[in-house]
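Student: I have a structure I would like to understand better, so I am pasting it below and will then ask my questions one at a time.
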Amino acid sequence: MTETKAPETKPMVLTEDQVMLRDTAAGFLADAAPVAHLRGLRDSGNPDGFARDLWRQFGEMGFNGVIASEDDGGMGLGHVEAGIILEAMGRNLTPSPFLSSAIGAVTALSDTAARAQWLPGILSGEQLAALAIDEGVKHRPDRIALTATRSGNGFSLSGRKNFVAHGHAA
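At position 60 of the sequence shown the residue is numbered 219 (the working numbering), and the sequence of numbers has no breaks.
What follows is the structure, encoded as structure tokens:
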């Protein structure tokens, strides 16, 4: 009987720039959005579920453009760097449209003509995107029924989505 050896794993070692990003995000969020920030939003009955002024500060810090190309006004970094920001957000329980807008929408818009219209507002923190994801209780991309039909200079959507991240605030 031969013994199967597990693949060797390597620890993730951050580069100097990634360490600087981690420290910047951690310090900024500890000051601007400690856990008390979340409680304040909850206790005030904030209808958005996040602070729009903090979202604009994310833009000022460059966080919203972490994965957007430099040609589009972003930092031109990658998903590891986005994960570093998300980790700092998780540490402070920071409510934000960062995942749906700065990651999901920026990724979806990156190779489209619409990026010129939408990316500047997302990167600055003036706009956010809502991502319509699931149509049922389980994510089944092979069974998407929603349709988009050209209408004028845009599209008309027909169908139903059960979960639209930040749909109420976008």
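From the three backbone atoms N, C-alpha and C, an ideal C-beta is built for every residue, glycine too.
Compute the beta-carbon to beta-carbon distance between arginine 274 and aspartate 207, rounded to the nearest angstrom, for a pair I have assumed lies under 8 Å.
Tutor: Taking the first residue of the sequence shown as 1, we reach residue 274 at position 115. Taking the first residue of the sequence shown as 1, we reach residue 207 at position 48. The Cβ separation is near 24 Å, so there is no contact.
Student: Exposed or buried, serine 310, counting other C-beta atoms within 10 Å across all chains shown (16 or more means buried)?
Tutor: To locate residue 310, count along the sequence shown from 1; it is residue 151. Burial call: exposed.
Student: According to DSSP, is isoleucine 244 part of a helix, a strand, or is it coil?
Tutor: Counting from one through the sequence shown, the residue named residue 244 turns up at place 85. Correct three-state label for isoleucine 244: helix.
Student: Taking the Cβ atom as the reference point for each residue, do arginine 215 and serine 283 lie within a distance shorter than 9 Å?
Tutor: Taking the sequence shown and counting its residues from 1, one reaches residue 215 at position 56. Taking the sequence shown and counting its residues from 1, one reaches residue 283 at position 124. Against a cut-off of 9 Å, the Cβ pair of serine 283 and arginine 215 comes out as a contact.
Student: Can you list, in chain order, the residues of its chain whose CB lies under 7 Å from that of threonine 306, leaving out five sequence neighbours each side?
Tutor: Along the sequence shown, read from residue 1 onward, the residue named residue 306 stands at position 147. Hits under 7 Å: Ser317 and Gly318.
Student: Under the three-state reduction of DSSP, which class applies to arginine 181: helix, strand or coil?
Tutor: Taking the first residue of the sequence shown as position 1, residue 181 is located at position 22. Residue state, collapsed to three classes: helix.
Student: Quick check on the DSSP output: what are the complete beta strand (DSSP E) runs of length 3 or more inside the stretch 258 to 308, in order along the chain?
Tutor: Segments of the beta strand (DSSP E) lying fully in the stretch 258 to 308: 290 to 293.
Student: On the DSSP bridge list, what partners appear for serine 315?
Tutor: Mapped onto the sequence shown, residue 315 falls at position 156. According to DSSP, which records beta bridges pairwise, serine 315 is partnered with Thr308.
Student: Give a yes or no on contact between the stretch 241 to 252 and the stretch 290 to 297, applying the rule of three or more CB pairs nearer than 8 Å.
Tutor: Touching, no.
Student: Between glutamate 240 and chain D, is any beta-carbon pair separated by less than 9 Å?
Tutor: This model lacks chain D altogether; it includes just one protein chain.
Student: Let me know if glutamine 286 comes out buried or exposed under the rule of 16 or more other beta-carbons within 10 Å of its beta-carbon.
Tutor: For the purposes of this step, residue 286 is identified with residue 127 of the sequence shown, where counting begins at 1. Looking at its Cβ environment, which holds 16 or more other Cβ atoms inside 10 Å, glutamine 286 is buried.
Student: According to DSSP, is alanine 329 helix, strand or coil?
Tutor: As a first step, residue 329 must be located in the sequence shown, where it is residue number 170. Of the three classes helix, strand and coil, the one that applies to alanine 329 here is coil, per DSSP.
Student: With 16 other CB atoms within 10 Å as the buried threshold, where does leucine 180 fall?
Tutor: Numbered from its first residue, the sequence shown carries residue 180 at position 21. Buried, since its Cβ has 16 or more Cβ neighbours within 10 Å.
Student: Which one of Gly237, Gly218 and Ala247 has the shortest CA to CA distance from threonine 266?
Tutor: For this step, residue 266 is matched to residue 107 along the sequence shown. The candidate whose alpha carbon is nearest that of threonine 266 is Gly237.
Student: Assuming contact is defined by CB atoms lying nearer than 9 Å, are methionine 220 and alanine 184 in contact in what I supplied?
Tutor: To locate residue 220, count along the sequence shown from 1; it is residue 61. To locate residue 184, count along the sequence shown from 1; it is residue 25. It is a contact, given that the beta carbons lie within the stated cut-off.
Student: Quick one: what's valine 194 bridged to in DSSP?
Tutor: Position 35 of the sequence shown, counting from 1, holds the residue named residue 194. None, per the DSSP bridge assignment.
Student: Compare the Cα-Cα distances from alanine 327 to each of Ile303, Phe314, Ser259 and Trp277 and report the closest residue.
Tutor: The sequence position of residue 327 within the sequence shown is 168, counting from 1. Reading the sequence as shown, one finds histidine at residue 327 and not alanine. Of Ile303, Phe314, Ser259 and Trp277, the residue nearest in Cα terms is Ser259.
Student: Helix, strand or coil: how does DSSP classify alanine 324 here?
Tutor: Counted from its first residue, the sequence shown places residue 324 at position 165. Strand at alanine 324.
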